[in-house]
Every structure is written in C-alpha cells, then in structure tokens.
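Trainee:
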Amino acid sequence: MARTLRFDGEYTVPIITLKSLSTMTTASGDVVVRIMRNLGLPQDLELVGPEDEIDLADYFRVLEQVSREIGDETCRLSQRSLMPGSTHFVWSGAASEGDLRAAMKRVAQAYNMLHGGHYNYVREDAESITYLIDDRGFPYTRQDEQDYIHVFLECVLIFLHCTLILLTGDDLDGKLHKVWTRRPRPKGHRAHLEFFGVPVRWNAGTYALSYDISAAGLRVTGSPTGLPAENAVYRKIVDLIETRGLKKPMQLSIADRVHAQFETGIYEQSQIARALGMSVATLRRRLADEGVDFRSLKQKVLDDRAKTLLRQGYDLAEIAELLDYADFRSFTRAFKAQNGVTPAQYKQG
Numbered sequence: 571m572a573r574t575l576r577f578d579g580e581y582t583v584p585i586i587t588l589k590s591l592s593t594m595t596t597a598s599g600d601v602v603v604r605i606m607r608n609l610g611l612p613q614d615l616e617l618v619g620p621e622d623e624i625d626l627a628d629y630f631r632v633l634e635q636v637s638r639e640i641g642d643e644t645c646r647l648s649q650r651s652l653m654p655g656s657t658h659f660v661w662s663g664a665a666s667e668g669d670l671r672a673a674m675k676r677v678a679q680a681y682n683m684l685h686g687g688h689y690n691y692v693r694e695d696a697e698s699i700t701y702l703i704d705d706r707g708f709p710y711t712r713q714d715e716q717d718y719i720h721v722f723l724e725c726v727l728i729f730l731h732c733t734l735i736l737l738t739g740d741d742l743d744g745k746l747h748k749v750w751t752r753r754p755r756p757k758g759h760r761a762h763l764e765f766f767g768v769p770v771r772w773n774a775g776t777y778a779l780s781y782d783i784s785a786a787g788l789r790v791t792g793s794p795t796g797l798p799a800e801n802a803v804y805r806k807i808v809d810l811i812e813t814r815g816l817k818k819p820m821q822l823s824i825a826d827r828v829h830a831q832f833e834t835g836i837y838e839q840s841q842i843a844r845a846l847g848m849s850v851a852t853l854r855r856r857l858a859d860e861g862v863d864f865r866s867l868k869q870k871v872l873d874d875r876a877k878t879l880l881r882q883g884y885d886l887a888e889i890a891e892l893l894d895y896a897d898f899r900s901f902t903r904a905f906k907a908q909n910g911v912t913p914a915q916y917k918q919g
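With the sequence shown counted from 1, adding 570 to any position gets you the working numbering.
Here it is, written out as structure tokens:
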C-alpha cells in the first residue's frame, strides 16, 4: 500500500524522486538527507518504494533548500549550473513587461540565455498562447534518470504557472486549458499534475502550459520591486500549492510561521509580530507555549544561512552584509559564540 509522508494537501510526488536528487547532489555530501531531517521527513531513502509519496509543498521546500545549499538552481540536473539569484533575475525582468504575452516571451528568452540553448519558447495562434519547453538536446547530467527528469520538468511547469499567477493575479488560473508532458501515460502516480485541474497530454513532443488566447493580454500587476526576495520565491509557490489543495492546509505552528517570515528576509521581531497580526508580547507568549523563543529561532536560521554562504565561498564582509550584521567582526564573534570555531576554521573543515 502506498504511504504518503507528511501529507497536508491533495497533491503529492513520488518520494523516490528525492533519491534521484540525492544521487545527483552526492558530490555536495548528504545535503538532501540533512534537509529532509530538518523538515521532519524520512531520511532513509533506501527504504522508500515506488508507491511512497511526499507532499508537493514539501517537495518544493526540499528543492529550494538544496538549490541554495549547493549554489545551483538546477539542483545538478544540468551540466550548466545556474547560480543563486538566476530565478529572481528572470522574473524581475518579466515583471517589468506590460502583459502576459510579453512576460512569457521575456521569461523564455532569459532562460534560454542562462541555459545556453533554445529550449524555451512561446507559441500563439487564434485560440491559445502556449509556453513550451523542448528539452531534447538539453545537457542533463544523468540521461539515465528519465523518470526523475519527467517529474522534475512537470514540477517546473507547476513553478512556471504559479509564478505567472504571481505576476498577473488569479484570473490566469481559469485560463489554463491543457498541460503537455513528454512522459508516457503512467499506470501509477500522477497526483502532482492534478494541481493544474486541466487535461494532460501525455507523450507529447514538449512540456507545455497552454492558455486561452484571452490570457495573452492580461496585465502584469506585479513589479520588479514587488516580487518576493530571491530566497522567498519558493515560499510563495508553496503557499499557492497549500491554499489550492482540496483539503485544508495543515495548521502551521507559530514557530513555523516565524520561520517563514525569516525566509522572506524579515528578521525584526516587531515586523514579524505585525505580519502575523499580533503584538510582540503575544508572539513571545505563543512561542513560549511551544517551548521555543524568538532569539533562538533567529540564531538558528542565521547560523544555517551563514554556513551555507561560507560553503559557497562568500567572504566575511559579504555574509555580514547579507545577514544584516554591523560588520564582519560582529559576524565573526556571533559565529564563534554559536559554533565554537571561527568562520575561517569552519571553512577549513
């Protein structure tokens, strides 16, 4: 019998895809296992079967953290890596366009430049406007992982659709008519594709999102400055997935909700309390009821982020600025107090 692990909503992906992800990122150590442990997910991927599933929102949480930790937004799927910030760069450009047609073309052009090939394009006829991904000839690191590639690219379509909704609003959701995938019609899992709520064309020549032609003129209501911070785009996608599930999303703890604010780049207690609709005193009390405190949560998030940046080769001054320390000396003192070693010693192993 299939097991669904951390099931919160209607949409799931095979957890075995994370085994493939772990294989592709093995050069970076046990990063997938460590992230799954931090998210409260099962870490022994050798024990999962083809029928076992993971919540789609959790899958995107894992992808976001893996891409950030290893410094590659393709998660080692491509031989040509994308440095952190690439996704935000693409969508910042799209947000400056006037309508969906122009935004889709801008996204396709930007990704083609980043990937070094003509893999993305937009096609329009009298009835539809379609965003297509033709991955034939794409420099995959592992051509033998076709099942994983199919699911990954289908989730890329979910990411694209959600981000286009962020640009244009919910009106776009009702204008999606069909989704295409190169995967042959499966006998088993397809629950993540039910997120779209439209027919799926199996065994197609490309991956694609096909919208009614009326979507082409939808006004882009977002702006480059109004987009989520680069480390929060996935958080917005997760929110959309959870709120669009047919079942009620899980009730997050106050600590989880505070952590979500940290992910958007907000670290001030007063700002977070306001965002959560409560006073600072109430926030402190609610956290205490859960056995945690704000300072410890913040220290843990900043420390994890600092270690990731150190592994990616950032210098101390850059890290201090990114994490809002007064200067690199303040960062060094805080890091040593938390870990017992200096940042330089940590980098040396």
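We treat Cβ as the ideally placed atom computed from N, Cα and C, and that holds for glycine.
Using only CA atoms, which one of A627, R903 and V721 lies nearest to A876?
Mentor: Out of A627, R903 and V721, R903 has the C-alpha closest to the C-alpha of A876.
Trainee: I think A907 touches F898, with their Cβ atoms under 8 Å apart; what is that distance to the nearest whole Å?
Mentor: Between F898 and A907 the Cβ distance is about 15 Å, and since that is not below 8 Å, they are no contact.
Trainee: Let me know the beta strand (DSSP E) ranges lying completely inside the segment 605-685, each 3 residues or longer, listed in chain order.
Mentor: If we require 3 residues or more, the beta strand (DSSP E) runs fully inside the segment 605-685 come out as 623-625.
Trainee: What first and last residue would you give for the beta strand (DSSP E) that runs through R693?
Mentor: From DSSP, the beta strand (DSSP E) with R693 extends over N690 to E694.
Trainee: Evaluate contact between the segment 682-695 and the segment 715-726, counting only Cβ atoms and requiring at least three cross-stretch pairs below 8 Å.
Mentor: No, the segment 682-695 does not touch the segment 715-726.
Trainee: For S784, does the three-state DSSP call read helix, strand or coil?
Mentor: DSSP places S784 in helix when its eight states are reduced to three.
Trainee: Which first and last residues belong to the beta strand (DSSP E) in which Y916 is found?
Mentor: Not the beta strand (DSSP E): Y916 falls in the alpha helix (DSSP H), residues P913 to K917.
Trainee: Do the CB positions of E812 and A673 come within less than 8 Å of each other?
Mentor: No, Cβ-Cβ distance for E812 and A673 is not below 8 Å.
Trainee: Which residues in the same chain as D741 place their Cβ atom closer than 7 Å to its Cβ, once the five residues preceding and following it in sequence are excluded?
Mentor: Answer for D741: L788, listed in chain order.
Trainee: How is V770 classed by DSSP in three states: helix, strand or coil?
Mentor: Residue state, collapsed to three classes: strand.
Trainee: CA-CA distance, T852 and T733?
Mentor: Between T852 and T733, the C-alpha separation is close to 34 Å.
Trainee: Tell whether a beta-carbon distance below 8 Å holds between A786 and L702.
Mentor: Not a contact, by the Cβ cut-off of 8 Å.
Trainee: Can you grab the Cα-Cα spacing for the pair W772 / A896, in whole Å?
Mentor: Roughly 54 Å between the two C-alpha positions.
Trainee: Since F630 and I807 are thought to touch, with beta carbons under 8 Å apart, how far apart are those beta carbons, to the nearest angstrom?
Mentor: Going by Cβ atoms, the distance from F630 to I807 rounds to 6 Å, so yes, they are a contact pair.
Trainee: Buried or exposed for S849, please, with buried defined as at least 16 other CB atoms from any protein chain shown within 10 angstroms of its CB.
Mentor: Its Cβ having fewer than 16 others within 10 Å, S849 is exposed.
Trainee: Quick one: is I585 near chain C, going by C-beta distance under 8 Å?
Mentor: The structure shown contains no chain C, having only a single protein chain.
Trainee: Quick one: which unbroken alpha helix (DSSP H) runs of 4-plus residues sit fully inside the segment 848-886? Chain order, please.
Mentor: Segments of the alpha helix (DSSP H) lying fully in the segment 848-886: 850-859 and 864-881.
Trainee: Inspect the beta-carbon positions of H747 and V768 and report whether they are closer than 8 Å.
Mentor: In this structure, V768 lies closer than 8 Å to H747 by Cβ.
Trainee: Quick one: give me the first and last residue of the beta strand (DSSP E) that V790 is part of.
Mentor: From DSSP, V790 is part of no beta strand (DSSP E); its letter is neither H nor E.
Trainee: Please work out which residues of its chain come closer than 7 Å, Cβ to Cβ, to T878, disregarding the five sequence neighbours upstream and downstream, and give them in chain order.
Mentor: Contacts found: R638 and E639.
Trainee: How about L588 and L615: are their beta carbons less than 8 Å apart?
Mentor: Cβ distance < 8 Å, so L588 and L615 count as in contact.
Trainee: R712 to E643, Cα distance in whole Å?
Mentor: The straight-line gap from Cα to Cα measures roughly 16 Å.
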